[in-house]
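Below is one structure; the comments refer to it alone.
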Amino acid sequence: MEFISGIVFSILSVIAFYIFGKKLLTIKRNIHLGRPVELNDQPIARWKNVFLLALGQKKMFRNIPVAVLHLILYVGFIIINTELLEIIIDGIFGTHRFFKPYLGALYPILINSFEVLALLVFVACLFFLSRRNILRIKRFLSNDLTGWPKTDANLILAIEIVLMGLFLLMNAADPSVNFIISSWIKPALSNLDAHQLHTIEQTAWWIHILGIYGFMNYLPYSKHLHIVLAFPNAYYASLEPKGKMHNMVAVQNEVLYAMQPELAPTNAAPPEKFGAKDVMDLSWKNLMDAYSCTECGRCSAACPANSTGKLLSPRKIMMDTRDRLEIVGKNIDANGQFEDDGKSLLNDHITIEELRACTTCNACVEECPVSISPMDIIIELRRSLIMEDSNAPSEWNGMFSNIENNFAPWKFAPDDRDAWTKQS
Amino acid sequence: MKVSTMAEMMAAGTKPEVLFWVGCAGSFDQRAQKITKAFATILDKAGVVYAILGKEEACTGDPARRAGNEFMFQMMAYQNIQVMNAYEIKKIVTTCPHCFNTLKNEYPALGGNYDVIHHTQFLQELIESGKIKISDSNEWKGKTITYHDSCYLGRANDIYEAPRKVLESLDIELKEMRRCKSKGLCCGAGGAQMFKEEEKGTTRINMDRADEAIETKANFVASACPFCNTMMTDGIKNRDEEVKTEVLDIAEIIAKAIQ
């Protein structure tokens, strides 16, 4: 019997990891649909960001109470999951608490600490669930989250609560051990005989591990993927001052050749597409940003345009980018390569009115706990609007022609530029 | 006032310590011209040998670039870099955070490498080195001032301390707004918004920010950017406060406080 259950468990494990791995590769492929950009310089500064921003969650600590609760979930997740190693070994070989004899006195210390963390995670999740659904916090009430995103967020918290409950129940139903938190549940099970206890323990064990496999495979479809991507996203975060915009070398050269035609190569390649109309025109970092987004909305809460009722929401920019990228990815899966579907990120997902509202103030970039730049995407889409579609509000066209003719955004005579020196 | 241009200095065979990049607002906008003149006055008093480009200066291209018009930006940058490199400019000071950001962060990739500092940093240096002396009986003494962070100084370039240090040298009470430093709320002008109508919303960004400034009950709002100055002035005017809170650039405040 134990032999058969070991085989079944092994097969299920292989399937779970296979599907997960395959989906991760699809996501990796989707990210690499983006434009190449070199982000491998200054490894020390990049590792520092991984430690501070991802491991250390520095940005979360801009709001300390929430940061502490989130830290419990995060530490709980990592530490409790080390117990998975034993669970998987037990599952495959039909052993029972494989590490117990080897670890001696350390074993109960470890499991006790897992249990304390499990309880803390349980409580933190309950708090977050009520915060999301009962407290009226603006960034959680936003239309950005209507429908699936709201369900997604609640589902993650609910699953964590169930998994922690199962972990504690499994320990409580095991008569061979007595741990700090699960011993509180033991009295409730005191009327059961050894066989019934064993059934409960086994059932909790199976649902727990299958739940974890299910959760793992749910990750790639969820905002919860940030638990994986926050780390590489911190590594590849921009190390430049936030005010610096990415230079368009193609345009730089066009201007240079216009000014100094002698420098122009005779067989110059036609210029690339200017700016981004669709996800493939964005950089791979922009696309990794989209998959890393956990839809917390700190960006939109800090956005001056969003907080004054404009249509722009940096969080929606990220969610739209991911949605569009998923559509493009599925299109490639179905057709072998991308077949034009007559749609694009610009216009079909993100409207011109949203893009026009951005003040490039960098508040969204500053707030993001997982090193995302929504502003970068906004600017690339704006570039496409202006340079590909010549789509600008009339005031901007006026500003452009003033700069071109008067060398200032207003219509003043260039000769008056130093007129202030002659005023009293 | 007598302000030399680079061309004049070149003709006279001299070189300035620093180029004062005035910027479009500082050159043409009537309100911002006062900031320009205040800063030039301080430079004179401190004995700094400086020059302007005068008629040879042109828009850095910042609003065009942020609106999405990279061609226009590249054209302006090319032109400005040609002029500045011909004069062998080494150091630039500017009263506009947008010009500052573009000159400092974006021109190097195009061949324009200069040591660029913002006027609030320059003022801090002048005060700390004793080149300018704050009068003990300066008119701001004991007043409450709130400082509005410019996005292009603050988040864009992590300059939060210099403007505050300069203000604190005045023996004033510096009162922070609810959102300040890296959490500071934008005035609404950046990203070429200055040059168009705001998109449809429930309120204007500068009104929100003006409310935060008014909440502090400060006597004055200090700004470090000509565009923030305009936006904050308009916002506060619109709120029709009984006590008119005046918006002043840090250069204007310092110009009136030095011996």
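These protein sequences, in sequence, are chains A and B.
Counting along the first sequence from 1, when you hit position 135 you're at 134 in numbering that gives the first Met the number 0, and nothing is skipped either side.
Counting along the second sequence from 1, when you hit position 152 you're at 151 in numbering that gives the first Met the number 0, and nothing is skipped either side.
Heads up, the beta-carbon is just placed ideally off N, CA and C, and yes, glycines get one too.
Under 8 Å: do the segment 205-219 of chain A and the segment 155-175 of chain A share three or more Cβ pairs, one atom per stretch? In this structure the segment 205-219 of chain A touches the segment 155-175 of chain A; the number of beta carbon pairs closer than 8 Å is three or more.
May I ask you to report which of helix, strand or coil DSSP gives Trp20/B? Taking the first residue of the second sequence as 1, we reach residue 20/B at position 21. In the structure shown, Trp20/B sits in a strand (DSSP, three-state: E or B).
Alpha carbon to alpha carbon, how far is Asn252/A from Leu262/A? Give it in angstroms, no decimals. The residue given as residue 262/A occupies position 263 in the first sequence. The residue given as residue 252/A occupies position 253 in the first sequence. Rounded to whole angstroms, Leu262/A to Asn252/A spans 9 Å at the Cα level.
Mark Met0/B as exposed unless 16 or more other C-beta atoms lie within 10 angstroms of its C-beta, in which case mark it buried. In the second sequence, residue 0/B corresponds to position 1, counting from 1. Counting Cβ neighbours within 10 Å, Met0/B comes out exposed, since fewer than 16 surround it.
Below 8 Å on the Cβ atoms is my guess for Trp144/A versus Glu294/A; work out the distance and round it to an integer in Å. Here residue 144/A refers to the residue found at position 145 when the first sequence is read from its first residue. Here residue 294/A refers to the residue found at position 295 when the first sequence is read from its first residue. First, the amino acid is wrong: residue 144/A is Leu here, not Trp. Taking a contact as a CB-CB distance under 8 Å, the pair Leu144/A and Glu294/A counts as one, their CB atoms being some 7 Å apart.
Within 9 Å (strictly less), CB to CB, does Ile136/A reach chain B? Mapped onto the first sequence, residue 136/A falls at position 137. No - not a single Cβ of chain B is within 9 Å of the one on Ile136/A.
Please list the partners that Gln56/A has in chain B, where partner means a Cβ-to-Cβ separation under 9 Å. As a first step, residue 56/A must be located in the first sequence, where it is residue number 57. Ordered by position in chain B, no residue passes the 9 Å Cβ test against Gln56/A, which lies about 16 Å from the chain.
For Leu68/A, name the three-state secondary structure that DSSP assigns. As a working note, residue 68/A is residue 69 in the first sequence. The answer is helix: DSSP assigns Leu68/A an H, G or I state.
If distances are taken between C-alpha atoms only, which option among Thr25/A, Asn170/A, Leu324/A comes closest to His197/A? Along the first sequence, read from residue 1 onward, the residue named residue 197/A stands at position 198. If we check each option's Cα against that of His197/A, Asn170/A comes out closest.
When DSSP builds the beta bridges, which residues end up paired with Leu247/B? Looking up residue 247/B in the second sequence gives position 248. Checking the DSSP bridge columns, you'll see Leu247/B partnered with Ala221/B.
Simplified DSSP state of Ala50/B, which is helix, strand or coil: Stepping through the second sequence from its first residue, residue 50/B is reached at position 51. If DSSP states are grouped into helix, strand and coil, Ala50/B belongs with the strands.
My parser needs the alpha helix (DSSP H) runs of 4 or more residues fully inside the segment 109-168 of chain A; what are they? 137-140, all fully within the segment 109-168 of chain A.
Using a C-beta to C-beta distance shorter than 8 Å, which residues of chain A count as neighbours of Asp207/B? Counted from its first residue, the second sequence places residue 207/B at position 208. The CB of Asp207/B comes closer than 8 Å to the CB of Pro303, Ser306, Thr307 in chain A, given here in chain order.
According to DSSP, residues forming a beta bridge with Glu172/B: Mapped onto the second sequence, residue 172/B falls at position 173. Partner(s): Thr143/B.
Using CA atoms only, rank isn't needed, just tell me which of Cys179/B, Asp148/B, Asn218/B, Ala76/B is closest to Cys98/B. Here the question's residue 98/B lines up with position 99 in the second sequence. Minimum Cα distance to Cys98/B is reached at Ala76/B.
Buried or exposed for Gln123/B, going by 16 or more other Cβ atoms inside 10 Å? Here residue 123/B refers to the residue found at position 124 of the second sequence. Burial call: buried.
Closest residue to Gly183/B among Asp170/B, Asp114/B, Tyr146/B, Tyr113/B (Cα-Cα distance): Here residue 183/B refers to the residue found at position 184 of the second sequence. Comparing alpha carbon positions, the residue from Asp170/B, Asp114/B, Tyr146/B, Tyr113/B closest to Gly183/B is Tyr146/B.
What does a CB cutoff of less than 8 Å around Asp43/B pick up in its chain, not counting 5 residues either side in sequence? Here residue 43/B refers to the residue found at position 44 when the second sequence is read from its first residue. Excluding positions up to five away in sequence, the list reads Met0.
Short of 7 Å Cβ to Cβ, which residues in the segment 225-245 of chain B face chain A? Listed in sequence order: no entries.
Taking Cβ to Cβ, would you say Gly33/A is nearer than 9 Å to Leu286/A? For the purposes of this step, residue 33/A is identified with residue 34 of the first sequence, where counting begins at 1. For the purposes of this step, residue 286/A is identified with residue 287 of the first sequence, where counting begins at 1. Cβ atoms of Gly33/A and Leu286/A: closer than 9 Å.
Between Cys224/B, Ile144/B, Glu211/B, which has its C-alpha nearest Arg238/B's C-alpha? Here residue 238/B corresponds to residue number 239 of the second sequence, with the count starting at 1. Selected option, being the one with the closest Cα: Glu211/B.
Decide if Lys140/B is buried, meaning its Cβ has at least 16 other Cβ atoms within 10 Å, or exposed. For this step, residue 140/B is matched to residue 141 along the second sequence. Classification of Lys140/B: exposed, given that the 10 Å Cβ count is below 16.
Is there contact between the segment 317-335 of chain A and the segment 195-202 of chain B, where contact requires at least three CB pairs shorter than 8 Å? The segment 317-335 of chain A, when compared against the segment 195-202 of chain B, does not touch it at the 8 Å Cβ threshold.
Is the beta carbon of Gly189/B less than 9 Å from the beta carbon of Arg65/B? For the purposes of this step, residue 189/B is taken as the residue at position 190 of the second sequence. For the purposes of this step, residue 65/B is taken as the residue at position 66 of the second sequence. Gly189/B places its beta carbon less than 9 Å from that of Arg65/B.
Where Lys236/B and Asn232/A are concerned, what is the direct C-alpha to C-alpha distance, given to the nearest angstrom? For the purposes of this step, residue 236/B is taken as the residue at position 237 of the second sequence. For the purposes of this step, residue 232/A is taken as the residue at position 233 of the first sequence. In this model, Lys236/B and Asn232/A are separated by some 44 Å (Cα to Cα).
Kindly give me the distance between the Cβ atoms of Glu387/A and Gly274/A, rounded to whole angstroms, as I take these residues to be in contact under 8 Å. By one-based count along the first sequence, residue 387/A stands at place 388. By one-based count along the first sequence, residue 274/A stands at place 275. Between the beta-carbon of Glu387/A and that of Gly274/A there is about 6 Å, and that keeps the pair under the 8 Å contact cut.
Mind checking if Phe60/A is an interface residue toward chain B, Cβ cutoff 9 Å exclusive? Along the first sequence, one-based indexing puts residue 60/A at 61. No - not a single Cβ of chain B is within 9 Å of the one on Phe60/A.
Relative to the C-alpha of Met9/B, which candidate in Ile171/B, Val220/B, Met83/B, Ala108/B has its C-alpha closest? Along the second sequence, read from residue 1 onward, the residue named residue 9/B stands at position 10. Comparing C-alpha distances from Met9/B to each of Ile171/B, Val220/B, Met83/B, Ala108/B shows the shortest one belongs to Met83/B.
How would you label Pro96/B, buried or exposed, when you count the other beta carbons within 10 angstroms and need 16 or more for buried? Within the second sequence, numbered from 1, the residue matching residue 96/B stands at position 97. Looking at its Cβ environment, which holds 16 or more other Cβ atoms inside 10 Å, Pro96/B is buried.
Quick one, are the C-beta atoms of Phe72/B and Val92/B less than 9 Å apart? Here residue 72/B refers to the residue found at position 73 when the second sequence is read from its first residue. Here residue 92/B refers to the residue found at position 93 when the second sequence is read from its first residue. No, these two residues do not count as a Cβ contact at 9 Å.
Cα-Cα separation between Val250/A and Leu109/B, rounded to whole angstroms: Numbered from 1 along the first sequence, position 251 holds the residue referred to as residue 250/A. Numbered from 1 along the second sequence, position 110 holds the residue referred to as residue 109/B. Between the C-alpha atoms of Val250/A and Leu109/B there is a straight-line separation of about 11 Å.
Ile88/B CB to nearest chain A CB: under 9 Å? Working through the second sequence from its first residue, we reach residue 88/B at position 89. Using a CB distance cut-off of 9 Å, Ile88/B does not count as an interface residue toward chain A.
Residue(s) in a DSSP beta bridge with Asp388/A: Mapped onto the first sequence, residue 388/A falls at position 389. DSSP, once it has assigned bridges, lists no residue as partnering Asp388/A.
Could you tell me whether any Cβ in chain A is nearer than 9 Å to the Cβ of Thr40/B? For the purposes of this step, residue 40/B is taken as residue 41 along the second sequence, with counting starting at 1. Among the residues facing chain A, Thr40/B is not included, as its CB has no counterpart in that chain under 9 Å away.
Among all the DSSP beta bridges, which residues are the ones paired with His117/B? Here residue 117/B refers to the residue found at position 118 when the second sequence is read from its first residue. According to DSSP, His117/B bridges with Thr93/B.
In its own chain, which residues sit with a C-beta less than 6 Å from the C-beta of Ala53/A, not counting the 5 before and 5 after it? Position 54 of the first sequence, counted from the first residue, corresponds to residue 53/A. Cβ within range, chain order: Ala229, Phe230, Ala233.
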